[in-house]
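All residue numbers in the sequence shown are consecutive under numbering that gives the first Met the number 0, ending with 807.
Where a beta carbon is used, it is the ideal one built from N, C-alpha and C, also for glycine.
Given the structure is predicted, the values throughout are model-derived calculations rather than measurements.
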Amino acid sequence: MIHFLRFLLSLLVTVLVIMLFNGQLSSVFPSVPALGHILNPSTGVWVNGEKDIHFKDQTLTFDSLDSEVIIVYDQRMVPHIFASNTGDAMFAQGYVEAKDRLFQLQFINRFASGRLSEILGDRVLNLDMQQRRKGMNYAVENSELGWSKHFDKNPEVLQYMKGINTYFSSLNQKDLPVEFKLTGMPVEEWTIQHSARVFKWMSDVLSGYGKDIEFTNLKAMLDEDMYHTLYPEKPQNVDPVIPSEVVYQFEELVIEEGMGWSGTDKTYNATSFPSSPKGTGSNNWAIASTLSSSGAPIYCSDPHLTLTLPSVWYEIGIHTPEYNVYGVTIPGMPGVMMGFNDSIAWGETNVGWDIKDFFEIKWLDKKNLIYELDGKETKADVRLETIKVKGRADVIDTVIYTYWGPIAHTTTDGKDLAMRWLPHDVPESPEYMTFVAGMQARNYDEYLQNTSHYLAPAQNFGFASKNGDIALRVNGKFPAKTFLDGKYIKDGSISSNDWENFIPRIQVPQVLNPKRGFISSANQRSTDDTYPYYYNGKFEHYRNRTLNEALSGKDVFTIDDMKALQFSSFSKKAEESLPLILSILNDQNWDDDKVEYLQTLKNWDLSYKVDSEGASIYEITFHHIYNKTFDEILALKDSIPVVMPEDWALIDIMIHNPEHNIFNVINTDDKETLKDIVISSFIATVDSLSNVVSKFKSIQWGQLRPLQIHHLARIPSFSSLDMPLAGHTDALNATGYASNGPSWRMIVSLEENTKAWGIFPGGQSGNPFSKYYRTSIEKWSKGEYHELKDVKKPEDVDALYTIKLTRK
């Protein structure tokens, strides 16, 4: 009997182990991967290590090509595609992106569509539900509906998809990237919806701004004087993207000026969607030949995004008899987004206009399915969102769709807010062709025409050419708004509260060859007050003025000057606020320990260098001043959604209105002044930094706030963490909060023989075991660059290996 029980126990344990290894106990152990798939000696993670065979020349035959394509990988694993036509080139682009970034392509799609829980479990369930309530899949479906009307004339994206799927179809279990084995994520066939999700993911990151709830609450809860003091419509010293020399003389506006929206006296207690982190944005600029030491225009591109491994960018060269293109793209989007060809260079920065409005729905039934619209009963659409969750039963979330869009928020007292977001609309143009067509332009007229398909997220399209033109267009589709329209929550029972019209593309701001000799953008406001259309949104106020002052400060610039600007950690915010702070601190009698910190602050060069101690002292002191000054708003934030005032608003009050009551701390009996706030903030800074010294032995800026570059799935061993770096989100070198920073630095000198330099913090390969996975992080962190070779034919490439794609 004992032997029989031992046999049964042994059999049970064996069965359980087999089931565990095959992933059949995921409901019991959701965090444990299918170990059998991982440890299998022939198909598991062991085969993901890099072998010489991965870099052997090969010839592959497909039936989707018109003629032979040669793909030459250079010594940094950058593919150079040589094709006879654009369709074949797009097939090859899709193929190499899938080959090198398969997990990234699939992961971003799951993230955008709210399907991560299926592979990562319920720890990301709220994120998946958030994506569904934003209507991300609704936006993708509408994109497919609009795009499909243009495939006959613009079939390149179909070839791109075929290239991705051709690589997918060649895979077996052992060939899958390691992340698929660790998570059990299936590989999906690539469809037009997958590419649309990449577009909508970037739209969400870069045009997902919407603070209607927060501003409506503030307007209702603050007195008028306090509200307008803390939240002015814009700073006094705006230096816009489009210089003030541009005159806006439009024959006819598509919308009349209104008196402005008063908002509402209601408050709305609902959790808003998280905003993009501070520092999400970009710099770009170009100088005319008159300012260039070589006598040729120089174009510089420097997008700031959340840094990840694999990198958000993929470096690529595309060559046909008509054009030679080099630059970067986001895997999943055909064409080259930022780069250069034989005639021009181009790139983009985020515009920041608000294209997301919220409307309160007036329900007419208890089930919240019938609502009022223009005095009539209107039936809402019900969409059941089934979310598969690893280790547990499916979750069914009901999302209600109205005339405006999905019900995105429900307040604590039952008010429903519908979201009107421009990227939800069915696109009327083949926006997927923007970067395929744009990379083929030879002059500014062609570039304007070829990028006119672009809709969202709105971007500042910078441009320079060998014929001497420099230009910038605020590119995208924009609602034509009356004053303050879209800043506050609107009544959803009246359809006339919708956007009345859209700004004609010919009236969207742009400039060609400005008198000052340069174009530039750094996410600041697009125009001065003479532009006749209202817009609000999220705008930068320090990097742009640092950049424009630097470009206005010299007669001639070299390539080294451009590199130094991209790596500049100088803080204009500190330049404008620190003198006042020091004037207050200098009048006090301090203990020796505080005198030492004060002297370090006085000696600071206003740059966030990696070894700077002054930067740390200033940053923490300003943080304390900010929190002590705006304690009233922080108190509101504890109970209801509000947006905090901008740093520039605080500095403006400190300089011009130092007696303002905002400096009085609400939870004390005394009446504090600006002087009291600054002194107490410095004392708190010294105390906190003393604790840092005792724990970490350093208060250097790079140690105080290191950069984190996470793997997409947050796998620590596949990430690069705790890196001491120079920079700040208010500086041109915008490394900063958490994981944000310059994601691609590029400089192009448009000489007869183009010279270019570029780098991003990562490598070409998506394989964490590859030596090409983290290739450039250290070099990037030092402000160094790779030379980008302007190749014309396969023999020009310093080859690592070559793949020939031939036609059957």
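Own chain, CB closer than 6 Å to residue i, minus 5 neighbours either side, in chain order
| i | result |
| --- | --- |
| Lys355 | Gly209, Trp420 |
| Val811 | An answer regarding residue 811 cannot be provided, because it is not within the stretch 0 to 807 covered by the chain. |
| Asp353 | Tyr208, Gly485, Asn535, Gly536 |
| Ile665 | Asp630, Glu631 |
| Thr182 | Ile118 |
| Gly316 | His79, Tyr325 |
| Met332 | Val197 |
| Tyr322 | Asn340, Gln439 |
| Glu794 | none |
Three-way DSSP call (helix, strand, coil) for residue i in this model
| i | result |
| --- | --- |
| Leu368 | coil |
| His655 | helix |
| Leu807 | Looking at the sequence itself, residue 807 is Lys, so the reference to Leu does not match. In the structure shown, Lys807 sits in coil (DSSP, three-state: anything other than H, G, I, E or B). |
| Phe249 | coil |
| Ile317 | strand |
| Gly113 | coil |
| Asp795 | helix |
| Gly346 | strand |
| Val747 | strand |
| Ala407 | strand |
| Met337 | strand |
| Met89 | helix |
| Leu181 | helix |
| Gly613 | helix |
| Val123 | helix |
| Ile163 | helix |
| Thr672 | coil |
| Ile241 | coil |
| Leu787 | coil |
| Val186 | coil |
| Leu101 | helix |
| Ser719 | strand |
| Leu59 | strand |
| Val27 | Summary for Val27: the model assigns pLDDT 43, below 50, so the residue's position carries little reliability; its value from the coordinates is reported in the next sentence. DSSP places Val27 in coil when its eight states are reduced to three. |
| Tyr322 | coil |
| Gly740 | strand |
Own chain, CB closer than 8 Å to residue i, minus 5 neighbours either side, in chain order
| i | result |
| --- | --- |
| Trp146 | Val156, Ile191, Ala195, Pro426, Pro429, Glu430, Tyr431 |
| Thr279 | Val204, Leu205, His303, Leu304, Thr305, Asn349, Asn739 |
| Ser112 | Gln130, Met135, Asn136, Val139, Arg196 |
| Asp393 | Thr385, Ile386, Lys387 |
Nearest-angstrom beta carbon gap, residue j and residue i [assumed within contact, 8 Å]
| i | j | result |
| --- | --- | --- |
| Asp592 | Val685 | 7 Å |
| Ile676 | Ile714 | 43 Å between Cβ atoms; not a contact. |
| Val253 | Ile502 | 7 Å |
| Trp345 | Gly334 | Actually they are not in contact, since the Cβ atoms of Trp345 and Gly334 sit about 11 Å apart, beyond 8 Å. |
| Ile369 | Glu359 | Not confirmed; about 16 Å, so no contact. |
| Gly162 | Tyr94 | 4 Å |
| His318 | Phe54 | Going by Cβ atoms, the distance from His318 to Phe54 rounds to 21 Å, so no, they are not a contact pair. |
| Arg806 | Ser66 | 6 Å |
| Gly761 | Ser775 | 7 Å |
Paired residues, beta bridge with residue i - DSSP
| i | result |
| --- | --- |
| Ala285 | Tyr298, Ile518 |
| Arg382 | Val398 |
| Met201 | Answer by DSSP bridge pairing: none, since Met201 is not bridged. |
| Ala470 | Phe462, Leu511 |
| Thr328 | Tyr313 |
| Arg419 | Asp356 |
| Phe569 | Ser606 |
| Trp756 | Ile746, Glu786 |
| Ser291 | Phe556 |
| Asp490 | Glu359 |
Contact set for residue i: own chain, Cβ-Cβ below 7 Å, skip 5 residues either direction
| i | result |
| --- | --- |
| Val311 | Leu304, Ile329, Ser742 |
| Asp797 | Asp73, Gln74 |
| Ser687 | Ile619 |
Quiz item: Are the region 512-520 and the region 279-288 in contact at 8 Å, needing three or more beta carbon pairs?
Solution: yes
Quiz item: Is the region 465-473 touching the region 407-424, taking contact as three or more C-beta pairs under 8 Å?
Solution: no
Exercise. Spell out a yes or no on whether the region 438-447 and the region 292-304 are touching, meaning 3 or more CB-CB pairs, one atom from each, closer than 8 Å.
Key: no
Quiz item: Does the count of Cβ pairs from the region 744-760 and the region 783-793 closer than 8 Å reach three?
Solution: yes
Quiz item: Should the region 651-671 be regarded as contacting the region 711-727, the criterion being three or more beta carbon pairs within less than 8 Å?
Solution: no
Quiz item: At a cut of 8 Å, does the region 267-275 reach the region 541-560 through at least three beta carbon pairs?
Solution: no
Quiz item: Are the region 724-733 and the region 560-580 touching, with three or more C-beta to C-beta distances below 8 Å?
Solution: yes
Exercise. Count the C-beta pairs between the region 163-177 and the region 80-100 that are closer than 8 Å, then say yes if the count reaches three, no if not.
Key: yes
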